[in-house]
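In our numbering, the protein residues as written are 2 to 134. Single-structure report; data block below.
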Amino acid sequence: MPYPPEYAYGYPPPPPQPVYVDDSNSRELSLQVERLSDEVETMRDEERRRDDNRAASQPQSRPAPDDSPSAVLIFRDGRQLSVRNYAVVGNTVWVLNEHAAKKFAVSDLDISATEQANAKNGVEFRLPGMQSH
């Protein structure tokens, strides 16, 4: 019994044959295509290197903890506060950390005791425009 046409095996069609035209326009176009292909490949390589450099420069884990000495704020009421990041703005001391910012009035500090305690620990603590008593 013969197979239906959709199941018939035949030879595959022959592959298309390239047509070679030997004129100066096609050679020039071929050279331009080759140069452009090389440029594209060069640009892709540069982009890969940039991506690799960006990935290498980004921290993969948490940064190392800051091991610089902490400053100590000593208040007039005797409280002491160890701080790493602070800013003095006008008559306010801002204490900054990863989670919050707290503010304290400079007038609440025992400036002389704060400067002495920090000097003893090797930390320079000076309030701009303020003289210790």
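Where is the CB? At the ideal position from N, CA and C, for every residue including glycine. Quantities reported herein were computed from a predicted structural model and do not represent experimental measurements.
Alpha carbon to alpha carbon, how far is residue i from residue j?
i	j	result
residue 93	residue 57	41 Å
residue 80	residue 97	18 Å
residue 122	residue 106	23 Å
residue 104	residue 52	42 Å
residue 28	residue 19	15 Å
residue 38	residue 69	53 Å
residue 120	residue 90	22 Å
residue 71	residue 118	11 Å
residue 32	residue 99	59 Å
residue 50	residue 113	55 Å
residue 115	residue 101	22 Å
Opposite residue i in the DSSP bridges: which residues?
i	result
residue 75	81
residue 90	93
residue 110	76
residue 104	95
- May I ask you to verify whether the stretch 29-48 touches the stretch 82-92, counting CB pairs closer than 8 Å and requiring at least 3? no
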